[in-house]
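There are 2 protein chains.
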Amino acid sequence: MQHTGAAPRTDTRKRVQQVALELFAEQGYEKTSLREIAERLGVTKAALYYHFRSKEDIVHSFTDDHNARLDALIDWAKNQPPGTGTRREILSRYVSTVLAGADVFRFIEQNRAAVQSLEGGKERFKLFRSRLDALVELLTGPDAPLRDHVRTTAALFATSAAIHVAGANADQDELHAIALEIAIDLVG
Amino acid sequence: MQHTGAAPRTDTRKRVQQVALELFAEQGYEKTSLREIAERLGVTKAALYYHFRSKEDIVHSFTDDHNARLDALIDWAKNQPPGTGTRREILSRYVSTVLAGADVFRFIEQNRAAVQSLEGGKERFKLFRSRLDALVELLTGPDAPLRDHVRTTAALFATSAAIHVAGANADQDELHAIALEIAIDLVG
DNA sequence: GTCTATAGACGGATAGAC
DNA sequence: GTCTATCCGTCTATAGAC
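Which chain is which? The protein sequence lines are A and B, in order.
For the first sequence, position 105 matches number 860 in the working numbering, and the numbering has no gaps at all.
For the second sequence, position 11 matches number 766 in the working numbering, and the numbering has no gaps at all.
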């Protein structure tokens with residue numbers, strides 16, 4: 756019941772995303788050409804253009820989700836009553852969100868300038884920096900002193916540290932616990 | 756006693772470095788062309804090639820110092836007796852070193868993938884990541900548990916947070932105090 | 001859905017005059 | 001020390017056959 760010839764390869768789109776994410780994080784977005792991605796997949800550049808309209812479009816295909824989750828978290832946080840409990844819940848959700856998209860997050864951190872140029876040019880999204888600053892603002896309240904801003908930013912950076920240290924194999928729950936503990940240590 | 760005509764412009768090399776550092780950090784290394792740098796300075800591309808052998812050479816002209824300082828810190832740290840006092844001294848020197856080269860540091864963070872490609876290709880330096888990991892190793896000791904690695908990495912990231920939050924105007928001493936306080940909170 | 005072929009633009013780098 | 005002019009490579013993206 757099996758036909759001869761090459762398989763239909765209906766999952767090419769996802770394979771492109773996987774390879775692109777890997778190469779972009781490793782070598783950088785600009786330095787990675789579509790030719791290189793195509794070669795690694797055993798297809799041609801033109802094939803990529805069947806699945807994606809442009810190189811930027813590949814990036815958006817895996818950053819859209821991640822950005823939407825962060826925006827949802829920010830919106831949710833805005834409508835919560837201030838207090839220690841809320842603050843810890845925000846931190847916990849932030850850690851979970853970032854860890855869940857660790858691959859995408861790694862890519863963004865390795866290519867901050869490039870990603871900001873993409874998103875900034877089209878005004879399609881708030882910048883990565885704006886999102887982080889928005890969360891810091893919500894966690895500290897307005898007119899907080901410099902020390903609070905830095906400590907809260909460092910609290911969020913703790914998840915970056917966890918991703919930086921962890922290999923692909925690490926236990927998500929353990930990383931969550933470690934990152935959250937640090938964050939709470941810093942924002943009190 | 757003043758002559759007519761254009762000034763000799765003997766400081767072009769430094770002006771190139773300033774503009775390049777600014778544009779690289781803002782738009783990204785790859786996206787910034789030599790044409791753009793030259794235009795902003797009111798000279799031509801060819802003029803840049805009198806002062807620098809290549810685009811990469813411009814980068815090295817301001818990362819060499821910064822990397823050398825970090826390597827010196829690592830070497831010094833290797834020869835210190837272990838203990839709380841040494842650990843805090845390492846952290847303090849790290850914060851000072853990074854804050855002193857904040858502009859360069861910002862550039863590196865905005866272009867991690869691009870910078871690693873440059874340095875990795877020539878094996879001229881240890882990678883940025885290697886340097887950070889080396890310091891973490893010295894601060895935690897060998898075979899430390901995951902939690903210690905993450906906390907120590909987060910301690911070093913605190914300086915990144917300080918730079919991220921601070922504008923160009925911020926008080927260096929205040930930032931130093933804040934970043935060091937966080938680092939000590941995390942490594943105990 | 002994938003291919004070949006190519007357009008069209010732009011980048012880094014060099015040669016040589018002034 | 002800066003200029004004009006140009007070479008050559010690579011890249012993104014498209015047209016059109018299969």
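Each residue gets a CB set at the ideal place from its N, CA and C atoms; glycine is no exception.
Using DSSP with H/G/I as helix, E/B as strand and the rest coil, what is residue i?
i	result
Q835 (chain A)	coil
K786 (chain A)	coil
A913 (chain A)	helix
T895 (chain A)	helix
K866 (chain A)	Inspection of the sequence shows that residue 866 (chain A) is occupied by Asn rather than by Lys. The answer is coil: DSSP assigns N866 (chain A) none of H, G, I, E or B.
G840 (chain B)	helix
T818 (chain B)	helix
A857 (chain B)	helix
D753 (chain B)	Past the boundaries of the shown model lies residue 753 (chain B); chain B is included only from 756 to 943, so the question cannot be answered.
T759 (chain A)	Confidence in T759 (chain A) is poor, its pLDDT being 44 and thus under 50, which makes the residue's placement unreliable; the coordinate value appears in the next sentence. In this structure, T759 (chain A) counts as coil in the three-state DSSP scheme.
G943 (chain A)	coil
F807 (chain B)	coil
Kindly indicate if chain B contains any beta-carbon less than 8 angstroms away from that of residue i.
i	result
F817 (chain A)	no
G783 (chain A)	yes
L894 (chain A)	no
T799 (chain A)	no
I933 (chain A)	yes
G760 (chain A)	The predicted model places G760 (chain A) with a pLDDT of 45, which falls under 50 and marks its position as unreliable; any figure quoted below should be read in that light. Cβ-Cβ to chain B under 8 angstroms: no for G760 (chain A).
S885 (chain A)	no
E929 (chain A)	yes
R843 (chain A)	no
N866 (chain A)	yes
F860 (chain A)	no
S809 (chain A)	no
Report yes or no: is there a C-beta of chain A within less than 8 angstroms of the C-beta of residue i?
i	result
S847 (chain B)	no
K786 (chain B)	yes
D820 (chain B)	no
D940 (chain B)	yes
I863 (chain B)	no
T908 (chain B)	yes
H904 (chain B)	yes
S851 (chain B)	no
Hey, how far is the Cα of residue i from the Cα of residue j?
i	j	result
A923 (chain B)	N924 (chain A)	39 angstroms
D826 (chain A)	A938 (chain A)	20 angstroms
D820 (chain B)	T765 (chain A)	51 angstroms
Y784 (chain B)	I792 (chain A)	21 angstroms
D903 (chain B)	L935 (chain A)	14 angstroms
F817 (chain B)	A823 (chain B)	11 angstroms
A921 (chain A)	S915 (chain A)	10 angstroms
A865 (chain B)	D940 (chain B)	For the sequence presented, residue 865 (chain B) should be read as Gln rather than Ala. Roughly 27 angstroms separates the two Cα atoms.
L778 (chain B)	H931 (chain B)	26 angstroms
A775 (chain B)	G875 (chain B)	21 angstroms
R867 (chain A)	A868 (chain B)	9 angstroms
D898 (chain A)	E844 (chain A)	22 angstroms
Looking at C-alpha atoms only, which residue of the options is the closest neighbour of residue i?
i	options	result
Q772 (chain B)	B:K810, B:A932, B:D888	B:K810
T767 (chain B)	B:E864, B:G943, B:H806	B:H806
I918 (chain A)	B:A917, B:F912, B:I863, B:H919	B:F912
D830 (chain A)	A:L894, A:L776, A:T787	A:L894
A780 (chain A)	A:R842, A:I863, A:E844	A:I863
L846 (chain B)	B:E929, B:D928, B:V891	B:V891
**Item:** Three or more C-beta pairs below 8 angstroms linking the region 788-801 of chain B and the region 832-840 of chain B
**Value:** no
**Three CB pairs or more closer than 8 angstroms across the region 854-861 of chain B and the region 842-857 of chain A** = no
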